[in-house]
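Asker:
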Amino acid sequence: MIAGVPTEFIPPGPQSFDTPPIIDGVAWFTKPVLVAALSVVVIAWFYWGASRKSAIVPSKLQFAGELGYNFVRNSIARDAIGSQEYMKYVPYLCGLFYFILLNNVAGTIPLVQFPTFSHIGWAYVAAIMSWVIYNAVGVRKHGVWGYFKHQTMPAGVPIWLMPLMIPIEFISNILVRPISLSLRLFANMFAGHILLLVFVLGGHYMVFESGKIFLGGVGIITFIMGLAIAGLELFVQCIQAYIFVVLTAQYIGSAIADDH
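For the sequence shown, the working numbering gives the first residue as 987, with consecutive numbering after it.
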């Protein structure tokens, strides 16, 4: 409000995700880059500290580290891959899960409040990494032709249906998976943060800048609803990290399975 005159409300949109450089002249060093770098430092510090003085009777930090590691190993890698080889993929899946989780949860952390994966480029990179890994391990186990056959020719399908099934399975299993992985993560982070901004900025405008008592009361209710949205968003942030890594593990398991 300027001199008692209400200002116009500018709704949040894609422009709200355009973060300026943190350091002038260093265009690439933006808030998402800083959050991602800090998440790597936090994850490395946490697991280094948890494993530095491991003992039969664990400390609280060691217990927390083992709990986090065992969750990914037992509830994701072992269950989804379902193979004696699952242990070799646990480090990647564990690092991927906690990297996505921390960068998602950053959207609700005060003073940060920005989910890294609301920028589509980050989601693409994570999906491409998983795509390269599960295809590479599939080719290594079955060979190029064997893996192509494994992914595009379902067992038990009549030969006369293969001309139809092969392109469908190829598009579904080879081409669409990284796109669906990245878009699911990006869309949830983008939409959730937009929704949160609508409630917070809208409530702020109605309370402090609209100049109307009625809208001020509505703004207070909007702030309260914004807190509920923040709680829901935190739940979605955790679930999306879990879904991304579970699907990655399932794709790895499918790639190295003996049958389709």
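Just so it is clear, CB atoms sit at the ideal spot from N, CA and C, and this is done for glycine as well.
Look at the alpha carbon of F958 and the alpha carbon of A1063, and state the distance between them as a whole number of angstroms.
Answerer: Past the edges of the chain, shown from 987 to 1246, lies residue 958, and the structure says nothing about it.
Asker: Would you report the Cα separation of S1061 and A1241, rounded to the nearest angstrom?
Answerer: Computed Cα separation, rounded: 19 angstroms.
Asker: Once you ignore the five residues that flank Y1120 on each side, which residues in its own chain have a CB closer than 6 angstroms to its CB?
Answerer: Y1237, I1238, A1241, listed in sequence order.
Asker: Considering only C-alpha positions, which residue in the set W1031, Q1048, F1032 is nearest to K1039?
Answerer: Among W1031, Q1048, F1032, the Cα nearest to that of K1039 belongs to Q1048.
Asker: How many angstroms separate the CA atom of I1210 from the CA atom of G1054?
Answerer: So the alpha carbons of these two residues sit roughly 32 angstroms apart.
Asker: Rounded to whole angstroms, what's the CA-CA distance from V1184 to P998? Just pull it up for me.
Answerer: Straight-line Cα distance between these residues: approximately 6 angstroms.
Asker: Determine the DSSP secondary structure at G1107, reduced to helix, strand or coil.
Answerer: Helix at G1107.
Asker: Between I1154 and L1147, what straight-line distance do the alpha-carbon atoms span, to the nearest angstrom?
Answerer: Distance between the alpha carbons of I1154 and L1147 is about 11 angstroms.
Asker: Report the start-end ranges of each beta strand (DSSP E) in the region 1189–1233 that is 3 residues or longer and not cut off at the edges.
Answerer: Qualifying beta strand (DSSP E) stretches: none in this window.
Asker: Mind pulling the alpha helix (DSSP H) runs of 4 or more residues that sit fully within the region 1005–1072?
Answerer: Runs of the alpha helix (DSSP H) inside the region 1005–1072: 1017–1038, 1046–1058.
Asker: Quick one: what's got a C-beta closer than 7 angstroms to I988's C-beta in the same chain, skipping five residues either side?
Answerer: Caution applies to I988, whose pLDDT of 46 falls short of 50 and renders its modelled position unreliable; the value that the coordinates give is listed next. Contacts found: none.
Asker: Measure from the alpha carbon of Y1110 to the alpha carbon of each residue in G1051, L1088, F1172, then state which is nearest.
Answerer: Ranking G1051, L1088, F1172 by Cα distance to Y1110 puts F1172 first.
Asker: Go ahead and label I1042 buried or exposed: buried means 16 or more other beta carbons lie within 10 angstroms of its beta carbon, across all protein chains shown.
Answerer: Its Cβ having fewer than 16 others within 10 Å, I1042 is exposed.
Asker: Mind the definition here: the region 1082–1092 touches the region 1217–1224 only if three or more C-beta pairs lie below 8 angstroms; say whether that holds.
Answerer: The region 1082–1092 vs the region 1217–1224: in contact.
Asker: So what's I996 in DSSP terms, helix, strand or just coil?
Answerer: Coil, per DSSP.
Asker: Since L1182 and A1216 are thought to touch, with beta carbons under 8 angstroms apart, how far apart are those beta carbons, to the nearest angstrom?
Answerer: 6 angstroms between Cβ atoms; contact.
Asker: Along the chain, where does the alpha helix (DSSP H) containing I1160 start, and where does it finish?
Answerer: I1160 -> no alpha helix (DSSP H), and no H or E assigned at all.
Asker: Give the straight-line distance between the Cα atoms of M1139 and D1244, rounded to the nearest whole angstrom.
Answerer: In a straight line, the C-alpha of M1139 is about 13 angstroms away from that of D1244.
Asker: Do M1115 and L1161 have their beta-carbon atoms positioned less than 9 angstroms apart in this structure?
Answerer: Against a cut-off of 9 angstroms, the Cβ pair of M1115 and L1161 comes out as no contact.
Asker: Secondary structure at A1092, three-state DSSP: helix, strand or coil?
Answerer: Note: A1092 maps to helix in three-state DSSP.
Asker: What three-state label does DSSP hand Q1001 in the structure shown?
Answerer: Looking at Q1001 - three-state DSSP - the assignment turns out to be helix.
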